[in-house]
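Just below is one structure, and these are the notes that go with it.
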Amino acid sequence: MKIEGTHEIRANRARVYQVLTDPEVLKRCIPGCERLEQTGENAYSVTMRAGVGSIKGLFTGNVKLEDMRPPEHFRMTVDGKGQPGFLKGTGDIDLEEKDGATVASYKGDVQVGGTIAGVGQRMIQGAARMMSTQFFTAIEAEAQARVDEPPPKHGFFRTALRWFSGWLSRAFNRKP
Amino acid sequence: MSDKYVGKRIKRTEDPRLIQGLGHYVDDIKLPDTLHVVFLRSMYAHARITGIDTSEAEHAPGVVAVYTGRDVVEKVGPVPCAGALPGLRVPDYRVLAKDKAVFVGQPVAAVVATDQYSARDALDLIMVDYEELPPAVDVEESANNGPVIYEEYGDNISYKLTAGEGDIEAALASSDHVIKQRVVHQRLAPVAMEGRGVLARYYPGEKELTIWSSTQIPHLLRTQLAIMLGIPENKLRVITPEVGGGFGSKLNVYAEEAMLGWISMQLGKPVKWIETRRENMQATIHGRGQVGYIEIGCKNDGTVTGLRYNVFADLGAYHQLLTPAIPTLTGLMLSGCYKIPAIQINITGVFTNKMSTDAYRGAGRPEATYVVERALDLVAAELGLDAVEVRRRNFPSPDEFPFKTATGLFYDSGEYEGALQKALDMAGYDQLRQEQKIAREHGKIIGIGVSTYVEICALGPSQAMPAGGWESATVRVEPTGKVTVLTGASPHGQGQETSFAQIVADQLGVPLEDVAVIHGDTSIVQYGIGTFGSRATAVGGTAVYIAVEKLKEKAAKIAAHLLKSDVSNVTFKEGRFSKQATRAAAAAGEVPEPVLPAGQAPAGALPEPDTEGNHISLQDIALAAHIAKDLPEDMEPGLSATYFFEPKNFTFPFGTHIVVVEIDRETGDLQFLRYVAVDDCGKVINPMLVEGQIHGGIVQAMGQALYEEVVYDEQGQLVTGTLMDYALPKASTTPWLELDRTETPTPVNPMGVKGVGEAGTIGATPAVVGAVVDALSPFGVRHLDMPIRPEAVWRIVNQQN
Numbered sequence: 013m014k015i016e017g018t019h020e021i022r023a024n025r026a027r028v029y030q031v032l033t034d035p036e037v038l039k040r041c042i043p044g045c046e047r048l049e050q051t052g053e054n055a056y057s058v059t060m061r062a063g064v065g066s067i068k069g070l071f072t073g074n075v076k077l078e079d080m081r082p083p084e085h086f087r088m089t090v091d092g093k094g095q096p097g098f099l100k101g102t103g104d105i106d107l108e109e110k111d112g113a114t115v116a117s118y119k120g121d122v123q124v125g126g127t128i129a130g131v132g133q134r135m136i137q138g139a140a141r142m143m144s145t146q147f148f149t150a151i152e153a154e155a156q157a158r159v160d161e162p163p164p165k166h167g168f169f170r171t172a173l174r175w176f177s178g179w180l181s182r183a184f185n186r187k188p
Numbered sequence: 008m009s010d011k012y013v014g015k016r017i018k019r020t021e022d023p024r025l026i027q028g029l030g031h032y033v034d035d036i037k038l039p040d041t042l043h044v045v046f047l048r049s050m051y052a053h054a055r056i057t058g059i060d061t062s063e064a065e066h067a068p069g070v071v072a073v074y075t076g077r078d079v080v081e082k083v084g085p086v087p088c089a090g091a092l093p094g095l096r097v098p099d100y101r102v103l104a105k106d107k108a109v110f111v112g113q114p115v116a117a118v119v120a121t122d123q124y125s126a127r128d129a130l131d132l133i134m135v136d137y138e139e140l141p142p143a144v145d146v147e148e149s150a151n152n153g154p155v156i157y158e159e160y161g162d163n164i165s166y167k168l169t170a171g172e173g174d175i176e177a178a179l180a181s182s183d184h185v186i187k188q189r190v191v192h193q194r195l196a197p198v199a200m201e202g203r204g205v206l207a208r209y210y211p212g213e214k215e216l217t218i219w220s221s222t223q224i225p226h227l228l229r230t231q232l233a234i235m236l237g238i239p240e241n242k243l244r245v246i247t248p249e250v251g252g253g254f255g256s257k258l259n260v261y262a263e264e265a266m267l268g269w270i271s272m273q274l275g276k277p278v279k280w281i282e283t284r285r286e287n288m289q290a291t292i293h294g295r296g297q298v299g300y301i302e303i304g305c306k307n308d309g310t311v312t313g314l315r316y317n318v319f320a321d322l323g324a325y326h327q328l329l330t331p332a333i334p335t336l337t338g339l340m341l342s343g344c345y346k347i348p349a350i351q352i353n354i355t356g357v358f359t360n361k362m363s364t365d366a367y368r369g370a371g372r373p374e375a376t377y378v379v380e381r382a383l384d385l386v387a388a389e390l391g392l393d394a395v396e397v398r399r400r401n402f403p404s405p406d407e408f409p410f411k412t413a414t415g416l417f418y419d420s421g422e423y424e425g426a427l428q429k430a431l432d433m434a435g436y437d438q439l440r441q442e443q444k445i446a447r448e449h450g451k452i453i454g455i456g457v458s459t460y461v462e463i464c465a466l467g468p469s470q471a472m473p474a475g476g477w478e479s480a481t482v483r484v485e486p487t488g489k490v491t492v493l494t495g496a497s498p499h500g501q502g503q504e505t506s507f508a509q510i511v512a513d514q515l516g517v518p519l520e521d522v523a524v525i526h527g528d529t530s531i532v533q534y535g536i537g538t539f540g541s542r543a544t545a546v547g548g549t550a551v552y553i554a555v556e557k558l559k560e561k562a563a564k565i566a567a568h569l570l571k572s573d574v575s576n577v578t579f580k581e582g583r584f585s586k587q588a589t590r591a592a593a594a595a596g597e598v599p600e601p602v603l604p605a606g607q608a609p610a611g612a613l614p615e616p617d618t619e620g621n622h623i624s625l626q627d628i629a630l631a632a633h634i635a636k637d638l639p640e641d642m643e644p645g646l647s648a649t650y651f652f653e654p655k656n657f658t659f660p661f662g663t664h665i666v667v668v669e670i671d672r673e674t675g676d677l678q679f680l681r682y683v684a685v686d687d688c689g690k691v692i693n694p695m696l697v698e699g700q701i702h703g704g705i706v707q708a709m710g711q712a713l714y715e716e717v718v719y720d721e722q723g724q725l726v727t728g729t730l731m732d733y734a735l736p737k738a739s740t741t742p743w744l745e746l747d748r749t750e751t752p753t754p755v756n757p758m759g760v761k762g763v764g765e766a767g768t769i770g771a772t773p774a775v776v777g778a779v780v781d782a783l784s785p786f787g788v789r790h791l792d793m794p795i796r797p798e799a800v801w802r803i804v805n806q807q808n
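Protein chains in written order, with my numbering: chain R, 13 to 188; chain P, 8 to 808.
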């Protein structure tokens, strides 16, 4: 199944690239991430709680970042397994500068199996969009934070609030 | 035989309890200390199981036991397949996967806990290490060069079979036209309203196992489970309580049924498993699943010269009970209701990493009817003839019956032209064609579909069946005169508690309420075959009928004895035996003295039978037969008779379905304008039940034609895993069904009944597809594959514009 989307992040591209590939940041920003450990160069072992609709559960798996071309591109390969099923996929993340902000676009092919495939497949696009919105909103907060201050806190409501205020400011600042 | 009940619209006696929620399905049966079982199922279509860690699950709260393939593989026999075809490959199908999982939903482990929630929670704690293998998903690819599921076979071919008579090559070569078409019969999920469910109770002291299962075949299940579990068959009792529909999906022996029996024997406690809808979609058999290539040859006048059908049957990963046999039924029925001199079917049965296909309402015959009906429509389109005319030109005439087909069958009786004409008249066919022409001129998209079908029912002679084709019945008149019928058929929604009671009540002249029909308990009912293949009334009902006749013979002897007359002088009418002489005597004004049997019953015992002089009621005969003080010499006491009826042939019901549809240009959606069906199922016992069967059958056929499809993705993942994803027809999508029938009794059984359970499903599918294709014929469409979704229709309509 193809998954794609774009997110505008109001931060400098190099900084966005840096936080996007920082395991500490990822651990904080990936929705439901409970554990993220480095297992090799740009390779991590991950435990996260995720689900689609009523099909939820704990997934464990590996994430690998490849083809790294800062500050514009990297490829992410995910392979996870849990009780609700399994998930495998590869996606390309491209960062583009636009009016001082960064447009992150992702495009990937995801394969799911087990209960998720049988029950949640039709909702996966929606769920993926929601998770990526949460993720990139959190990334934006990270990228906007100064390097010397403590990292921002995330969580569903905080992220939702950030997303909403971002949406408002974008809506009002839109050029006619 | 009186005609008070047979042929009448008697309301189902089953319904009051079902409508009030007072019926007892498996899950309604509560036994103390019952443990609950849930199954861990493979999430991969094809994977090696390299390890299973159950330790955490075993210690979870409420968990009593966890079993894996390793625990049962030596203890429980394989899931049986009754299909016997030359060279058939039958993989070893174990109740839990051990080294390899071969379809999504295959049971891998079972958790037993004190309640189903604890059991379900513990499932998440079982760690299975899978090594994923490439799956064989598409049937044609799997047949040719897809990944091989069973290394020992070298390929995915389960069997190849060629059948048919006549020189097909010569027939096609001598045709004026040969038309070819690829057709897809998509996989369907039977979706019985009640899923499967099993409750098993083992008494270690008595060494008796009782299994309550939602099945269509209690006795066959008992035999197979006895073999699988290694328990004497006379210590195993199968009870089918209320069963909420089957459509063939419960005409099977499933891994879960054996597992539950085995677990109960291990733990010495009752264990229950109730299938979830998700499991039902994954691991209950699917129907259809054929991809085939039609070649039909015809003359310029529309006469069909030959038909060849090369088909790839998507069997799934394992054989369930009848999996390989289903496509052979397609081959048998390929002649439809037409004279086709040469027919050939080439079946390639293919293993794929999916759930097994097996019998689903129609079981191979809807595929055949679809093939031959679509083929006739293609002939009509090719020659520019009317679909009805082409059919007429190929009918055998009524005097050609019994009619032999090139598939080796003898059709018992048929009057195809009669049913067709009746349907044409009802629909106003010529008028419809006129209206269609005018509507088209006004830019409307209207289509008319016609199918004239014949089906093979009342399965069947034992020669043609994997495990007996007869059916049994015992009829007893109890001492109080109430009549008990024990049938080997296993009704699960068809209403035979009512229709069998109608037959018996008329034969014995007793009120309907006095007849109780008992079925589905192997400890009470003599061995029987079960309910499937539109057989229960034609075969099981006949067994009941003949058993009653036998019982009446005995009753007549007792009556003659008690009336001090000779059997030849005793007549039976409306529940009473009368001395024939009485008529003459009564006419002359003489009334003979009452003849009473001598009896010295103590006070409080059963009352003495009353002969009312020259008459004696059946009730009194029953009483006399049980008191047994005054019976003819050497006569067995009691009043019961058992009969095992073996039919000499199948029966071949037929009919015509006419469909009118209109397509919405903007959305591609379809609306039924008319639905006319004339079915001939022989003699009708209860028109209301017949109509109910036809209604349901037609709606399920509409499901196949327009909505339903079991979809696996390219990884063999089941995508249509819920009723949100698997579209079923609904009341709102169903038109008013205008039904009528013709009645051509079959000579195969004394009642002349043919069977009707599957007729709707068989006749309707090609008619609906034919109507849509006809509607789209101005756009150059000659065939569309099912399910015909609005999107596909919209694309055709709008890209052509």
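Note that beta-carbon positions come from the ideal geometry of N, C-alpha and C, so glycine has one too.
For the 7 Å CB-CB criterion, residue 211 (chain P) and residue 268 (chain P) do not form a contact.
Under the DSSP definition of a beta bridge, residue 576 (chain P) lacks any partner. Taking the C-beta atoms as reference points, residue 325 (chain P) is found no nearer than 7 Å to residue 74 (chain P).
For residue 30 (chain R), the enclosing alpha helix (DSSP H) begins and ends at 25–32. Nearest to residue 205 (chain P) by C-alpha distance, out of P:263, P:435, P:149, P:173, is P:263. Residue 29 (chain P) is bridged by DSSP to nothing; it lacks a bridge partner. The beta carbons of residue 463 (chain P) and residue 382 (chain P) sit about 18 Å from each other, so the pair does not count as a contact at 8 Å.
In this structure, the beta-carbon distance from residue 21 (chain P) to residue 413 (chain P) does not fall below 7 Å. For the set R:119, R:125, R:169, the Cα lying nearest the Cα of residue 141 (chain R) is the one of R:119. Inclusion of residue 270 (chain P) and residue 119 (chain P) in the CB contact set at 7 Å is warranted, their separation being smaller than that value. In terms of Cα proximity to residue 95 (chain P), the closest of P:72, P:164, P:66 is P:164. Interface annotation for the region 723–746 of chain P against chain R: 723, 724, 725, 726, 727, 728, 729, 731, 732, criterion Cβ-Cβ distance under 9 Å. Per the DSSP secondary-structure output, residue 127 (chain R) pairs with nothing in a beta bridge.
No Cβ-Cβ contact shorter than 7 Å links residue 89 (chain R) with residue 110 (chain R). Note that the C-beta distance between residue 375 (chain P) and residue 178 (chain P) is not below 7 Å. Of all C-beta pairs linking the region 742–755 of chain P to the region 528–535 of chain P, fewer than three are shorter than 8 Å, placing the two stretches out of contact. With fewer than 16 neighbouring CB atoms inside 10 Å of its own CB, residue 214 (chain P) falls in the exposed class. For the set P:717, P:786, P:743, the Cα lying nearest the Cα of residue 793 (chain P) is the one of P:717. Contact between the region 545–562 of chain P and the region 235–245 of chain P is not established, with fewer than three Cβ pairs separated by less than 8 Å. For residue 126 (chain P), the uninterrupted alpha helix (DSSP H) segment begins and ends at 123–130. If the five residues before and after residue 710 (chain P) are omitted, its C-beta is found closer than 7 Å to the C-beta atoms of 735, 736, all from its own chain and listed in chain order. In this structure, residue 723 (chain P) sits near residue 144 (chain P), with a CB-CB distance shorter than 7 Å. A direct Cα-to-Cα measurement between residue 402 (chain P) and residue 763 (chain P) gives close to 22 Å. Per DSSP, reduced to three states, the secondary structure at residue 805 (chain P) is helical. By the neighbour-count criterion, in which 16 or more other beta carbons inside 10 Å mark a residue as buried, residue 61 (chain P) falls on the buried side. In this structure, DSSP gives residue 100 (chain R) an extended state, which the three-state scheme calls strand.
Just so you know, the alpha carbons of residue 342 (chain P) and residue 132 (chain P) end up roughly 55 Å apart. Residue 319 (chain P) places its beta carbon less than 7 Å from that of residue 355 (chain P). Listed along the chain, the chain R residues whose CB falls inside 9 Å of the CB of residue 695 (chain P) amount to none; the nearest CB is some 38 Å away.
For residue 300 (chain P), the enclosing beta strand (DSSP E) starts and ends at 294–305. Two segments are said to touch when three or more pairs of C-beta atoms, one from each, lie closer than 8 Å; by this definition the region 192–199 of chain P does not touch the region 388–404 of chain P. The C-beta separation of residue 527 (chain P) from residue 225 (chain P) comes to about 5 Å, placing the pair in contact by the 8 Å criterion. By the Cβ-count criterion, residue 327 (chain P) is buried, with 16 or more other Cβ atoms from all chains shown falling within 10 Å of its own Cβ.
Listed by position along chain P, the residues whose Cβ is nearer than 7 Å to that of residue 125 (chain R) are 50, 51, 722, 724. A direct Cα-to-Cα measurement between residue 18 (chain R) and residue 114 (chain R) gives close to 10 Å. The beta carbons of residue 652 (chain P) and residue 491 (chain P) sit no closer together than 7 Å.
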